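What follows is a short report on a single structure.
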Amino acid sequence: MNGTPHTMIEITGLTKAFGSYTAIDALSLKIAKGEFFALLGASGSGKTTLLRLVGGFEFPEAGQIVIDGQDVTGLRPNQRPTNTVFQSYALFPHLTLAENVGYGLLNLRLPRTELAARVEDALARVRLSGFGGRFPHMVSGGQRQRVALARALICKPKVLLLDEPLGALDKRLREEMHLELREIQRAAGITFVLVTHDQEEAMSLADRIAIMARGRLLQVDTPRGLYEAPKSREVAEFISNVNLLDGTCLGHVGREVRISVAGIGDIRLGSDAAAMTAGAKVTLAIRPEKLRFVTAADAGENRLTGTLRAVTYAGDRNHAIVDVPGLARPVLVTTPNRDRLLSEPQTPGAAVTVTWDSTAAALLTD
Ligand SMILES: Nc1ncnc2c1ncn2[C@@H]1O[C@H](COP(=O)(O)OP(=O)(O)OP(=O)(O)O)[C@@H](O)[C@H]1O
Ligand SMILES: [Mg+2]
30 MNGTPHTMIE
40 ITGLTKAFGS
50 YTAIDALSLK
60 IAKGEFFALL
70 GASGSGKTTL
80 LRLVGGFEFP
90 EAGQIVIDGQ
100 DVTGLRPNQR
110 PTNTVFQSYA
120 LFPHLTLAEN
130 VGYGLLNLRL
140 PRTELAARVE
150 DALARVRLSG
160 FGGRFPHMVS
170 GGQRQRVALA
180 RALICKPKVL
190 LLDEPLGALD
200 KRLREEMHLE
210 LREIQRAAGI
220 TFVLVTHDQE
230 EAMSLADRIA
240 IMARGRLLQV
250 DTPRGLYEAP
260 KSREVAEFIS
270 NVNLLDGTCL
280 GHVGREVRIS
290 VAGIGDIRLG
300 SDAAAMTAGA
310 KVTLAIRPEK
320 LRFVTAADAG
330 ENRLTGTLRA
340 VTYAGDRNHA
350 IVDVPGLARP
360 VLVTTPNRDR
370 LLSEPQTPGA
380 AVTVTWDSTA
390 AALLTD
């Protein structure tokens, strides 16, 4: 099993235990060449352990890791075509930025001029040309982060492993670094595996994301796939806010299905309708921004009525919480502030009607 030509990393049946605790549980995964891949999950889900296994800092009890066609399962970190940027990207404080970047190449014993050229090239890649003579304390946190990246890129690894590399930066700087990281990855053409517990970071950076929990992968998909078509309750709830409705399929009406939802009544579903049979118990996921307030007369077939509990103003949008008699959990409705004047219901206690399109809901299949 040596992977296919476009596979960079192929993990099969990987298991890692710490004592009696199984941190990685028979996990399999393929990552393509040149892909920007993110591992996303709650604290303790096994992200760092998986990354350390791929980098060769931990060894598994069972399973196999193949990188670019080579079985690396038993190899040490320096024998693998990988490089790792750890969360604490410690630079040597007594070395200049150029010396920090060149450190990884020292054992190659390159001629001085060639070493200098490679260091300058790596600094240019992270937009730090001309900064080589400075010491780490003379640059910003974001610039230090880019030096750590340059230090990892200069070795020209096939795979760069990044463990929460932006964790120490403030929100503004993180967002700037997102764009830069993406551009650096595209320009270098290197496969990136990024560990993060920040959903927005994973969504804006990665080609595909694996959602981890309990040492397993819940779903591996594009950012859009995870958001619009979560397969399970757990993934739907992990990625942002969601409304979950339990119901029973009543049967097909043209290309739609009619679903009876306890506490709401009958609704129509246009997406995923083919996957349903009459009588089946189903759970639907609807994101809050796909719901809207209407007057009772304007509501379509998909409607619910309830009482406004609270509205939170968030500048570009409002988050409303609606209590629906018969539903165990309140319904979340996010509405854009298209107008500077108040246009949405605001008064707690008001009776409201909410509607949505029949293609707005996703059927959970796991
Ligand atoms: N060396 C170790 N010895 C014992 N248990 C460990 C060791 N390393 C990790 N674990 C345990 O394995 C589980 C997964 O840890 P891991 O560091 O991979 O989580 P993570 O997803 O990276 O979490 P975080 O987001 O907090 O960094 C945790 O329960 C952790 O306590
Ligand atoms: Mg971690």
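For what it's worth, the numbering used here labels the leading residue of the sequence shown as 30, then goes sequentially. Glycine is no exception: its CB is placed at the ideal position from the N, C-alpha and C atoms. Source: prediction; values computed, not measured.
Item, Value
"Bridge partner(s) assigned by DSSP for Asp275", "Thr312"
"Whether Val23 touches Leu68 by CB criterion (8 Å)", "Any property of residue 23 remains undetermined from this structure, which presents the chain solely from 30 to 395."
"Under 5 Å, CB to nearest heavy atom of ligand 1: contacting residues", "Phe47, Ala52, Ser72, Gly73, Ser74, Gly75, Lys76, Thr77, Thr78, His226"
"Proximal residues to Gly218 (C-beta, below 7 Å), its chain only, five neighbours per side dropped", "Gly63"
"Whole-number beta carbon distance between Ala328 and Thr382, since they are thought to touch under 8 Å", "5 Å"
"Where the alpha helix (DSSP H) containing Met241 begins and where it ends", "Segment 237-242 is the beta strand (DSSP E) holding Met241; no alpha helix (DSSP H) there."
"Under 8 Å between C-beta atoms of Thr376 and Phe322", "no"
"Residue range of the unbroken beta strand (DSSP E) whose run includes Met232", "Segment 228-234 is the alpha helix (DSSP H) holding Met232; no beta strand (DSSP E) there."
"Close Cβ partners of Arg338 (< 7 Å) along its chain, the five nearest in sequence each way excluded", "Ile350, Val351, Asp352, Pro359, Pro377"
"Exposure label - Thr306; buried when at least 16 CB within 10 Å", "exposed"
"CB of Gly92 within 8 Å of CB of Leu58, strictly", "no"
"Per DSSP, cross-strand counterpart(s) of Leu223", "Ala67, Leu191"
"C-beta contact flag for Met241 and Gly75 at 8 Å", "yes"
"Beta-carbon proximity list for Ala127, same chain, < 6 Å, skipping 5 on both sides", "Val148, Gly161"
"Identified DSSP bridge partners for Asn25", "No answer is possible for residue 25: the residues shown for the chain start at 30 and end at 395."
"Proximity test, Thr224 beta-carbon vs ligand 2 heavy atom, cut-off 7 Å", "According to the sequence as given, residue 224 is Val; it is not Thr. Under cutoff, so the answer is yes."
"His37, DSSP secondary structure in three states", "For the record, residue 37 in the displayed sequence is Met; it is not His. Met37: strand per DSSP, three-state reduction."
"Segment contact, 8 Å Cβ cut-off, at least three pairs: the region 202-217 with the region 122-141", "no"
"Three-state class that DSSP yields for Gly280 in the structure shown", "strand"
"Between the CA atoms of His35 and Val99 - distance to the nearest angstrom", "In the sequence as presented, Val is not what sits at residue 99; that position holds Gln. Distance between the alpha carbons of Gln99 and His35: 13 Å."
"Inside the region 57-113 only - alpha helix (DSSP H) runs reaching at least 4 residues", "76-84"
"Ligand 2 heavy atom lying under 7 Å from the CB of Asp301", "no"
"Backbone CA spacing between Glu257 and Ala391 [nearest angstrom]", "7 Å"
"Three-state class that DSSP yields for Asp150 in the structure shown", "helix"
"Rounded C-alpha distance that separates Ala291 from Asp275", "7 Å"
"Endpoints, the beta strand (DSSP E) within which Ala329 is located", "Note that residue 329 is Gly in the sequence shown here, rather than Ala. Run containing Gly329: none; DSSP gives neither H nor E here."
"Ile288 versus Gly103 - alpha carbon distance", "53 Å"
"Pair within 8 Å by beta-carbon distance, Ala179 and Ala151", "yes"
"Test item: CB-CB of Lys187 and Asp97 under 8 Å", "yes"
"Rounded separation between Asn31 and Ala61 - CA only", "Here Asn31 scores only 49 on pLDDT, less than 50, and its place in the model should not be relied on; the value that follows carries that caveat. Roughly 13 Å separates the two Cα atoms."
"Ala314 burial status per 10 Å Cβ neighbour count (16 or more: buried)", "buried"
"Rounded distance between the beta-carbons of Leu56 and Ile38, thought under 8 Å", "The Cβ separation is near 12 Å, so there is no contact."
"Gly159: first and last residue of the uninterrupted alpha helix (DSSP H) it sits in", "From DSSP, Gly159 is part of no alpha helix (DSSP H); its letter is neither H nor E."
"Any non-hydrogen atom of ligand 2 within 7 Å of Asp192 CB", "yes"
"Per DSSP, cross-strand counterpart(s) of Ser289", "Thr277, Asp295"
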